[in-house]
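Everything on this sheet refers to the single structure shown next.
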Amino acid sequence: MGDPASIGPEITVKALANNEIYDKCRPLVIGDAGVMEAAVKIVGKEDVRIHPVHSVEEALFQAGTIDVYDMDLVDMDKLERGKVSVMAGEAAFRYVEKVIQMAMAGEVDGTVTNAFNKEAINMAGHHYSGHTEVYADMTGTKKYTMMLAHENIRVVHVSTHVSLREACDRVKKDRVLEVIRIAYQACRDLGLEQPRIGVAGLNPHSGENGLFGREEIDEIIPAIEAAKAEGIQAEGPVPPDTIFSKARGGWYDMVVAMYHDQGHIPLKVIGFVYNQEQQKWDAVAGVNITLGLPIVRASVDHGTAFDQAGQGIANELSLINAIDYGIRLSKSNKAKTAKRTIDGGLSK
820 MGDPASIGPE ITVKALANNE IYDKCRPLVI GDAGVMEAAV KIVGKEDVRI
870 HPVHSVEEAL FQAGTIDVYD MDLVDMDKLE RGKVSVMAGE AAFRYVEKVI
920 QMAMAGEVDG TVTNAFNKEA INMAGHHYSG HTEVYADMTG TKKYTMMLAH
970 ENIRVVHVST HVSLREACDR VKKDRVLEVI RIAYQACRDL GLEQPRIGVA
1020 GLNPHSGENG LFGREEIDEI IPAIEAAKAE GIQAEGPVPP DTIFSKARGG
1070 WYDMVVAMYH DQGHIPLKVI GFVYNQEQQK WDAVAGVNIT LGLPIVRASV
1120 DHGTAFDQAG QGIANELSLI NAIDYGIRLS KSNKAKTAKR TIDGGLSK
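Using my numbering, the final residue of the sequence shown is 1167, and nothing's skipped along the way.
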């Protein structure tokens, strides 16, 4: 459900009011039934019923009814929408913790997250810089990366939630190669048989043969060559100011970005569309996926949008995109598990 004081509950209602979602999956909201009931009224979807449950087995999975695994963590009399609070931060963190536990136990096939507020969860005593780090920690995952996707552009990151100064220091051959491998496997999981991976440079013009920095020569090129030796179709380092135009034009199935903003800015430029004339967002699209985990995690590619919370105007497109990606990756996981079972049976 995301932070109770955010737009998360509202866009969840809007997304799940779409009956087509129920043709593709069986959605269960982890959160607070009271918050979701209030969100139904805020967005004007009074024909949608909130059905509180305390186990997956109790869920109805019927269009027109939103099943909510009710954790009852929010005092509705104290909830202030659009405000950072310990109560909301604690609740948002516990929702994520619960959904990870359910996925690890095989109770659900995949997870989709709305945004939480980093300041709020840290105020509540949970010291993480984002969902990605929470998922990695709680699943015991050491090798992982963030992937953003919108339309035909996908991007993974060598580093994410660190300072720009530290991000430069993290551009090392082993990590770049690791991310290229994860990117390649993600493309395969999405049904791309021979994915093309474009690797961005770190420096302007990819260093101009050492004139603007040696990271490309010392770390990135050796990683690309190692990937090619493994049969991965990797190309680069491509200058950061042109690689995304090439990806948009179909040159690459995935881009490996060297740091957070290098990958996030181009995705959000095309996915977030603001209508100046009407003073509203026409689209807030795009998906955030954590790769390398033993479970599926897809997410909206935007924040808590506290400035819009409680008004019923927030756009649900990114959440719908995230649900679609969650379904695709969950199906891929199931197919791989079934294949391993068959292969294991044959080997016996």
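From the three backbone atoms N, C-alpha and C, an ideal C-beta is built for every residue, glycine too. If you're wondering where the values come from, they're calculated on a predicted model, not measured in any experiment.
Span of the beta strand (DSSP E), counted from its first residue to its last, around residue i
i, result
"F1091", "F1091 to N1094"
"A1076", "M1073 to A1076"
"G827", "Premise fails: G827 lies in the alpha helix (DSSP H), G827 to L835, not in any beta strand (DSSP E)."
Sheet register partners of residue i (DSSP bridge)
i, result
"S1118", "T932 and N1107"
"W1070", "Answer is none; W1070 lacks a bridge partner."
"K1099", "N1094"
"V1057", "A1019"
"Q1052", "R1015"
Helix, strand or coil at residue i according to DSSP, with G and I counted as helix
i, result
"K1087", "helix"
"K961", "coil"
"A1019", "strand"
"Q1081", "helix"
"S1064", "helix"
"E1035", "helix"
"A945", "Looking at the sequence itself, residue 945 is His, so the reference to Ala does not match. Coil, per DSSP."
"D956", "helix"
"L1138", "helix"
"I1132", "coil"
"D1143", "helix"
"T1123", "coil"
"N1028", "coil"
"D822", "coil"
"L1009", "coil"
For residue j and residue i, believed in contact at Cβ under 8 angstroms, the rounded distance
i, j, result
"P823", "A911", "7 angstroms"
"K864", "I1146", "That belief does not hold up - the Cβ atoms of K864 and I1146 are roughly 22 angstroms apart, past 8 angstroms."
"L967", "H1083", "7 angstroms"
"S893", "V848", "The sequence given here places Val at residue 893; Ser does not occur at that position. Rounded, the Cβ-Cβ distance is 13 angstroms, inconsistent with contact."
"I826", "T1123", "7 angstroms"
"T831", "L1138", "7 angstroms"
"N1107", "M965", "6 angstroms"
"Y1078", "H976", "7 angstroms"
"K1065", "V1075", "The pair is not a contact, with the Cβ atoms about 13 angstroms apart (cut-off 8 angstroms)."
"I999", "V1018", "7 angstroms"
Boundaries (first-last residue) of the alpha helix (DSSP H) holding residue i
i, result
"E1044", "I1040 to A1048"
"A939", "K937 to M942"
"D842", "E839 to K843"
Exercise. Which runs of the alpha helix (DSSP H) fall wholly inside the segment 849-879 and span at least 4 residues, in chain order?
Worked result: As far as the segment 849-879 is concerned, its whole alpha helix (DSSP H) runs of at least 4 residues are 852-861.
Problem set entry | Within the segment 963-1004, ranges of the alpha helix (DSSP H) (whole runs, at least 4 residues) | If we require 4 residues or more, the alpha helix (DSSP H) runs fully inside the segment 963-1004 come out as 983-988.
Exercise. For the segment 873-927, which segments carrying the beta strand (DSSP E) assignment without a break, of at least 3 residues, lie completely within its bounds, in sequence order?
Worked result: Counting only runs of 3 or more, we get 884-889.
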